[in-house]
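**Q** Below is one structure. I have some questions about it.
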Amino acid sequence: MADFNKVLTPGDYQKGELNVVIEIPTGSNHKIEWDREHACFMLDRVEPMAFAKPCNYGFIPQTLDEDGDELDVLMITDQPLTTGIWMKAKILGVMKFVDGGEVDDKIICVPADDRNNGDAYQSLKDLPAQTLKQIEFHFNHYKDLKEAGTTEVKAFEDVESAKKVIAASIERYLDIHPELTAKNAVKDTADKIKEAIKEL
Ligand SMILES: [Mg+2]
Numbered sequence: 036m037a038d039f040n041k042v043l044t045p046g047d048y049q050k051g052e053l054n055v056v057i058e059i060p061t062g063s064n065h066k067i068e069w070d071r072e073h074a075c076f077m078l079d080r081v082e083p084m085a086f087a088k089p090c091n092y093g094f095i096p097q098t099l100d101e102d103g104d105e106l107d108v109l110m111i112t113d114q115p116l117t118t119g120i121w122m123k124a125k126i127l128g129v130m131k132f133v134d135g136g137e138v139d140d141k142i143i144c145v146p147a148d149d150r151n152n153g154d155a156y157q158s159l160k161d162l163p164a165q166t167l168k169q170i171e172f173h174f175n176h177y178k179d180l181k182e183a184g185t186t187e188v189k190a191f192e193d194v195e196s197a198k199k200v201i202a203a204s205i206e207r208y209l210d211i212h213p214e215l216t217a218k219n220a221v222k223d224t225a226d227k228i229k230e231a232i233k234e235l
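With the working numbering as the guide, the letters of the sequence shown map in order to residues 36 to 235.
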């Protein structure tokens, strides 16, 4: 299996686009996680069926959140996605979230090219209120059978706030992977040269 942190970038998040890898399909109680050490997926645990995921769950490659993992994504689709696929996503906002005292924010997305819903979803305001209520309830309670009160949804914030969370997570990743900073700088210069040539 490809190491997603090697073959994918986070995507052009400043334009509202992300590359996202799916770990858990909507409706699954399997806590499937990307195992970055072995570059494959593992079943970390089976959750109570009452706390099956209300939406697909995944991560952004080449990011590092404050909990030491890649930055998490909640991907809202009409049908469950499959573990192991990657996709281009449109950012709608961010769910500010704390798990056991650690910041563990979740970027909320929809597929970038959705010909079923068209451009219906541009921000969190476009989602059904009940969808966000279910997500909020899920993340406030999904660990209650182990120990109640360990997780807390703090707020839902807009696309700009999501971009700040993504930028900070990319910075953290680049701090421990300086070779990518150099590679990205070369790519940026190449892109600028290409743009300049186009304008001639
Ligand atoms: Mg996390």
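Beta carbons: idealized from backbone N, C-alpha and C, even for Gly. None of the values given here were measured: they were computed from a predicted structure.
Exposed or buried, which one is MET36 when buried takes at least 16 other CB atoms within 10 Å?
**A** With fewer than 16 other Cβ atoms within 10 Å, it is exposed.
**Q** Pair every Cβ in the region 50–68 with every Cβ in the region 114–132, then say whether three or more of these pairs are closer than 8 Å.
**A** Touching, per the Cβ criterion.
**Q** Given a threshold of 16 other Cβ atoms within 10 Å of its Cβ, counted over all protein chains shown, does CYS144 qualify as buried or as exposed?
**A** buried
**Q** Beta carbon of GLU105: closer than 8 Å to some heavy atom of ligand 1?
**A** yes
**Q** How about ASP100: is its Cβ closer than 8 Å to a heavy atom in ligand 1?
**A** yes
**Q** Can you list the beta strand (DSSP E) stretches of 3 or more residues lying completely in the region 185–218, in chain order?
**A** 186–192
**Q** Please go through the same chain and pick out, in chain order, the residues whose beta-carbon is closer than 6 Å to the beta-carbon of VAL200, but skip the five residues on each side of it.
**A** VAL129, ASP140
**Q** Please report the straight-line C-alpha distance between SER196 and THR186, rounded to a whole angstrom.
**A** 21 Å
**Q** Report back the beta-carbon spacing between ILE142 and TYR92 to the nearest angstrom; my notes put them in contact at under 8 Å.
**A** The Cβ separation is near 11 Å, so there is no contact.
**Q** DSSP three-state call for HIS65: helix, strand or coil?
**A** Residue state, collapsed to three classes: strand.
**Q** Quick check on the DSSP output: the beta strand (DSSP E) that includes ASN40 runs from which residue to which?
**A** That residue, ASN40, is in no beta strand (DSSP E); its alpha helix (DSSP H) goes 39–42.
**Q** Please name the residue in GLU230, ALA164, LYS189 whose C-alpha comes closest to that of ASN175.
**A** LYS189
**Q** Got a sec: does ligand 1 put a non-hydrogen atom nearer than 8 Å to the Cβ of ASP139?
**A** yes
**Q** Leaving aside the five residues before and after LEU106 along the sequence, list all residues of the same chain whose C-beta is less than 6 Å from its C-beta, in chain order.
**A** Sequence-distant partners of LEU106 (beyond 5 residues in either direction) whose C-beta falls short of 6 Å from its own C-beta, in its chain, are ILE95, THR98, ASP100, SER204.
**Q** My understanding is that ASN64 touches PHE86, with C-beta atoms under 8 Å, so please give their C-beta distance in whole angstroms.
**A** 7 Å
**Q** Which word fits VAL108, buried or exposed, when buried means at least 16 other C-beta atoms lie within 10 angstroms of its C-beta?
**A** By the neighbour-count rule (16 or more Cβ atoms within 10 Å), VAL108 is buried.
**Q** At 3 residues or longer, and completely inside the region 116–171: list those beta strand (DSSP E) runs for me, N to C.
**A** Complete beta strand (DSSP E) runs here, min 3: 121–134, 141–146.
**Q** Can you tell me whether ILE111 is helix, strand or coil according to DSSP?
**A** coil
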